[in-house]
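Numbering that gives the first Met the number 0 numbers the first residue of the sequence shown as 0 and each following residue consecutively. The beta-carbon is built from N, C-alpha and C at its ideal position, and this holds for glycine as well. Notes to accompany the following structure.
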Amino acid sequence: MRMPGWMVLSALGAVMLLPACGPGYGGGMSVGVQVQSRPGLDIYGYSANQYGDWRGNYRQWTPVVVYESNGQYYPTNVRGARQVQVYRSQSGYFMPPRDQDWARTDKRFNNKKRPTDADYGRARAHPND
Numbered sequence: 000m001r002m003p004g005w006m007v008l009s010a011l012g013a014v015m016l017l018p019a020c021g022p023g024y025g026g027g028m029s030v031g032v033q034v035q036s037r038p039g040l041d042i043y044g045y046s047a048n049q050y051g052d053w054r055g056n057y058r059q060w061t062p063v064v065v066y067e068s069n070g071q072y073y074p075t076n077v078r079g080a081r082q083v084q085v086y087r088s089q090s091g092y093f094m095p096p097r098d099q100d101w102a103r104t105d106k107r108f109n110n111k112k113r114p115t116d117a118d119y120g121r122a123r124a125h126p127n128d
């Protein structure tokens, strides 16, 4: 079925005038919100009580790269995200120890992707501590 030309022009005119009608009709200020459709990861701070003393247990931990975007961490890359290397164990994801000796011990860990002070500040306290 073909639409008459006057109907097409009327519809286009209405769409063009809609922003001029006021903020309740789609005009006015526009606010952009970026929504991540996937859930973020819970990253915990290192706890010897939870993960064991790093000197004897670090080989049981798996170094993994997570992606930080706007203070949230994701298991896969998110556009504009920064890579952060953390550890994963059966208990979840956690920040590496801050001990100076540790930094020289685990050769699997990529220090170029080491967490920043802001990352350590966002780490959650483990509920079992």
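| Asked | Found |
| --- | --- |
| Between the region 47-61 and the region 93-103, can you find at least three pairs of beta-carbon atoms closer than 8 Å? | yes |
| Could you tell me which residues DSSP puts in a beta bridge with Ser-46? | DSSP, once it has assigned bridges, lists no residue as partnering Ser-46. |
| Keeping to the same chain, check which residues put their C-beta closer than 7 Å to that of Lys-112; ignore five residues upstream and five downstream. | Val-64, Gln-82, Val-83, Gln-84 |
| Please report how far the alpha carbon of Gln-59 lies from the alpha carbon of Ile-42, in whole angstroms. | 18 Å |
| Please confirm whether any heavy atom of the ligand ADP lies closer than 6 Å to the CB of Gln-49. | In the structure on display, the ligand ADP does not appear, and there are no ligands present to speak of. |
| Sort Asp-116, Tyr-57, Leu-40, Thr-75 by Cα distance to Asp-105 and report the nearest one. | Tyr-57 |
| What are the start and end residues of the beta strand (DSSP E) that includes Tyr-72? | 71-73 |
| Below 7 Å CB to CB, which residues in the same chain sit around Tyr-45 once its five sequence neighbours on both sides are set aside? | Phe-93, Met-94, Pro-95, Pro-96 |
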